[in-house]
Amino acid sequence: MPLKEYELEETYDPQSRFDDMKDIESEFWKKKSLEELTKKEWELLCDGCGKCCLNKLEIKGKIQFTNTYCRFFDTKSCLCKIYSHRFQKVNDCRDINIKAIREKPRWLPKTCAYILLDEGKDLPAWHPLKTKRADSVHRAGASLQGRKLINESEVEDYENYIVEWEDL
Ligand code: SF4
Ligand code: SF4
């Protein structure tokens, strides 16, 4: 998840991402292409849904999501517990960059803010950039919070956990 660099701690407040917005152009996502975004704008775009941390299978050229999650995913906050060193710890953890967003078959959920903008769509009304509330993704039921999920450490055969949620 492209949130700012941090370790997940009891004291970390996801709302802090929106504390200092004075240098951020209003509705920048409507005015710029993904290529034109600053690093801070890029990071603000992530809605914090956590769905990119689900394990997936590629079957017959199509990505199938499972309801199993990376062992470093925090199901309560939907944040990564090891964000600053995730690529060292998890071989298949992916950086969310333009190449990854445009990869086929699509492996990010269709609700992912980067996918929506790349398809010329607007952000949903619940997106934290619109509400200025980090928790609006959870309140809208758009994150993994509250869903039936299995830690990957308990999984033997991922094919048994394929899900067909509408927002994947
Ligand atoms: S799926 Fe997209 S919007 Fe959701 S957490 Fe991952 S990068 Fe952020
Ligand atoms: S290490 Fe796991 S929880 Fe962290 S960002 Fe990567 S996939 Fe998500």
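Residue numbers (our numbering): 11 to 178. Beta carbons are placed, not taken as given, at the ideal position from N, Cα and C, and that holds for glycine.
Span separating the alpha-carbon of residue i from that of residue j
i, j, result
"residue 132", "residue 126", "7 Å"
"residue 26", "residue 56", "14 Å"
"residue 229", "residue 77", "Because the chain is modelled from 11 through 178, residue 229 falls outside the range shown and cannot be assessed."
"residue 156", "residue 170", "20 Å"
"residue 100", "residue 140", "32 Å"
"residue 48", "residue 94", "19 Å"
"residue 160", "residue 87", "16 Å"
"residue 16", "residue 143", "Summary for residue 16: the model assigns pLDDT 45, below 50, so the residue's position carries little reliability; its value from the coordinates is reported in the next sentence. Taking the straight line from one Cα to the other gives about 19 Å."
"residue 12", "residue 162", "With a pLDDT of 47 at residue 12, under the threshold of 50, the modelled position of this residue cannot be trusted; read the value that follows with caution. Cα to Cα, the separation comes out at about 21 Å."
"residue 110", "residue 121", "15 Å"
"residue 52", "residue 165", "33 Å"
"residue 91", "residue 84", "6 Å"
"residue 176", "residue 98", "32 Å"
Counterpart residues of residue i in DSSP-defined beta bridges
i, result
"residue 78", "160"
"residue 99", "BP columns for residue 99 are empty, so no partner."
"residue 90", "83"
"residue 67", "74"
"residue 172", "76"
Sub-8 Å separation of residue i and residue j beta-carbons
i, j, result
"residue 58", "residue 138", "yes"
"residue 80", "residue 118", "no"
"residue 69", "residue 54", "no"
"residue 82", "residue 96", "yes"
"residue 136", "residue 123", "no"
Cβ neighbour criterion (16 or more within 10 Å) applied to residue i
i, result
"residue 75", "buried"
"residue 89", "buried"
"residue 14", "Residue placement at residue 14 is flagged as unreliable, the pLDDT there being 45, under the threshold of 50; a coordinate-derived value is accordingly withheld."
"residue 67", "exposed"
"residue 39", "buried"
Of the listed residues the options, nearest to residue i (C-alpha basis)
i, options, result
"residue 113", "71, 175 and 151", "71"
"residue 28", "50, 122 and 176", "50"
"residue 24", "42, 152 and 146", "146"
"residue 106", "152, 135, 45 and 150", "45"
"residue 41", "167, 128, 168 and 176", "128"
"residue 167", "65, 43, 36 and 32", "65"
"residue 37", "22, 134, 108 and 73", "134"
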